[in-house]
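In this note's numbering, each residue carries its 1-based index in the sequence shown increased by 534.
Comments concern the structure below.
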Amino acid sequence: MAQALEIISDEDRYYRADNFPKGLTRKVVESISHIKNEPTWLTEFRLEAFKVFESKPMPSWGFFPNFKVDIDEYVHYIGANHKKKKSWDEVDPEVLKSFERLGIPEHERKYLAGIEAMEDSETIYANVKKELTDLGILFCDIDTAIREYPDIVRKYIGTVVSIGDNKFSALNSAVFSGGSFAYVPKGVKTPMPLQAYFKVTAASSGQYERTLLIAEDGAELEYSEGCSSVQDKGTNFHTAVVELIAHKNSKIFYTTIQNWKKNMYNWTVKRGLCHEAAHITWTDVNIGANTIKYPGIVLQGDNSTGDILSLAFAGSGQIQDTGARIIHVGKNTRSNILAKGVSLDGGINSYRGLVKFTTGSSNAYSHVKCDGLMMDDRSQSHAYPYNDVSGQNGTLNYEATVSRIDEEQLFYLQSRGLSEDDAKLLIINGFCEGVTKHLNVEYSVEMTRLIRMILEDGKVISEHSDSAVS
């Protein structure tokens, strides 16, 4: 007698969107793909990544052992799979309130280029202006792109940051949810920055957005994002993967301000690929969290160029291990790295960077400058440069400084009528200016406010003091 086939219902086979357990299993990965109704090729992409993640040990280098990260202590998908909203009036009032504090409605009114907002594992708001559509620019969250532009996503995803690049690129590839997708066609320029906001609210959860930006030949793409999290006692883990593809003669300008809570772990893999005569600029600001992040550029095409501008603040109980990676492959390539780190209240700040001239490169040029500023004798500042110059006729300049705030400068500014707090603010804003001057106006104003809040929190200046420094 034939044995009856066991029928497993979807309810038993997959987790509900709002009821994922802690830990990472094959069922977690398959459930995310099922909830999003993804094509078979992407489910296979996730499962392959899960196998790679399981096969790789946790990192043991640098400061990572200090972080004591246990992946099984986090819920890796948070969300009820709600339909995305097209109007702020449709968004839940509590969610709306949290985003209004970030100033998003103001940005939405001012910018023409569209916006998306993500909370935990789901994109909760998306709006693309008609002006973008008329130009042929595609801008949406990555989940929508997988459904509506699968050929483009499949062509590029995982080509700049591969599944096997490291343990956490594999983790993101297995469980990613949300993130941005942009495609700018040949010769087109984004009229204003594309914008995205990511917010973590659920305690003991992981957030894994995936961003994919593509500029075709001669195109110009400008993208800005902000990140924040709710302050609570539970830790969170954040691993994003960002891939930029700049085709011949194109330009990509990517800006991020990550303002996470302190008791959060942040390992983000960001890398761009430059084809012939293309350019990529990363502007990267890190506040809060214990962070490991090194935005990278592969200068593959001849005459390609790249800039990485990095600013990090390390306060009490924090380690900011940030920097840059640039690999020169083509001929006549140029790169510039500017890294600024501020340590206060016992925080540890480090620059960790790689500049590599491959054997086939020739006439490459790179300039690296990393500066550390310590606000007290309990804080630390480190530099770990790694330079590999194998190409022909290449030039690499490297300079680094570590200093305390200058007492003579303080005295001079106070003698000119500034209070001690205003003098400190002026000096620190001046120290950061090499990076912050590249922010757009709204982000620059926000950054000035954030610097004041950081210094108040680290007891460098008094709270709520009247200030003549804006």
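C-beta: ideal position from N, C-alpha, C; glycine also.
| Item | Value |
| --- | --- |
| Can you give me the C-alpha to C-alpha distance between N897 and D922, rounded to a whole angstrom? | 15 Å |
| Suppose you measure from the CA of I871 to the CA of I842; what does that come to, to the nearest Å? | 5 Å |
| From P727 to D668, what does the alpha carbon distance come to, in whole angstroms? | 16 Å |
| With burial defined as no fewer than 16 other Cβ atoms inside 10 Å of the residue's Cβ, what is the status of E967: buried or exposed? | exposed |
| Could you tell me which uninterrupted beta strand (DSSP E) segments, each at least 3 residues in length, are contained entirely in the stretch 916-1003, listed from first to last along the chain? | 929-938 |
| If you draw a straight line from the C-alpha of Y690 to the C-alpha of E582, how long is it? | 17 Å |
| Is the beta carbon of D855 less than 7 Å from the beta carbon of S895? | no |
| In terms of residue numbering, what span does the alpha helix (DSSP H) encompassing D911 cover? | First-last for D911: undefined, no H or E at that position. |
| Checking 7 Å against the spacing of the C-beta atoms, do A775 and R744 come in under that value? | The identity of residue 775 in the sequence shown is Val, whereas the question assumes Ala. For V775 and R744, yes; Cβs fall inside 7 Å. |
| Would you kindly check if the distance between the Cβ of V819 and the Cβ of L778 is under 7 Å? | no |
| Given a cut-off of 7 Å, decide if T773 and W794 are closer than it, judged by their beta-carbon atoms. | no |
| Check whether the stretch 781-798 touches the stretch 750-759, counting contact only when three or more Cβ pairs, one atom from each stretch, lie closer than 8 Å. | yes |
| Give the range of the beta strand (DSSP E) segment to which F597 is assigned. | Run containing F597: none; DSSP gives neither H nor E here. |
| How about G740 and H568: are their beta carbons less than 7 Å apart? | no |
| Going by Cα to Cα distance, which pick from K720, L907, R805 and Q852 is closest to R859? | R805 |
| Beta-carbon separation of G875 and S850 under 7 Å? | no |
| Measure the CB-CB distance between I853 and V832 and report whether it falls below 7 Å. | no |
| Take N866 as the anchor and find which of T839, G887, R886 and F847 has the nearest alpha-carbon. | T839 |
| Just how far apart, CA to CA, sit I961 and G887? | 26 Å |
| Would you say F598 and A708 are within 7 Å of each other, going by their C-beta atoms? | no |
| Mind checking F945: buried by the 16 CB within 10 Å criterion, or exposed? | exposed |
| Under a Cβ-count criterion, where at least 16 other Cβ atoms within 10 Å of its own Cβ denotes burial, should K958 be classed as buried or exposed? | buried |
| Look up I569 in the DSSP assignment and say whether it is helix, strand or coil. | helix |
| Do S915 and G906 count as a contact pair if the criterion is CB distance below 7 Å? | yes |
| Please report the distance separating the alpha-carbon of V902 from that of V889. | 9 Å |
| Rounding to the nearest angstrom, what Cα-Cα distance links A647 and D911 in this structure? | Note that A647 scores a pLDDT of 46, beneath 50, so its modelled location is shaky; the value from the coordinates is reported in the next line. In a straight line, the C-alpha of A647 is about 46 Å away from that of D911. |
| Let me make sure I understand the geometry here. Which of K590, S996, A812 and G964 has the alpha-carbon closest to that of K720? | A812 |
| Kindly list the residues whose CB is nearer than 7 Å to the CB of F702, restricted to its own chain and excluding five residues on each side of it in sequence; keep chain order. | T773, W801 and V803 |
| Among the residues of its own chain, which have a CB less than 6 Å from the CB of T893, if the five just before and after it don't count? | S924 |
| Look at the Cβ atom of T825, then the Cβ atom of H972, and state whether they are nearer than 7 Å. | no |
| On the DSSP bridge assignment, give the partners of K890 in chain order. | I861 and D922 |
| Can you look up R868 in the DSSP assignment and give me helix, strand or coil? | strand |
| Excluding the 5 residues flanking T935 on each side, which residues of the same chain have their C-beta closer than 6 Å to its C-beta? | D905 |
| Just to confirm my understanding: we take D836, look at its own chain, exclude 5 residues before and 5 after, and list those with CB closer than 8 Å. What are they? | E810, A811, G864, K865, N866 and T867 |
| Compute the distance between the beta-carbons of F673 and A716, then report whether it is under 7 Å. | yes |
| Using the C-alpha atoms, what's the distance from E980 back to F771? | 25 Å |
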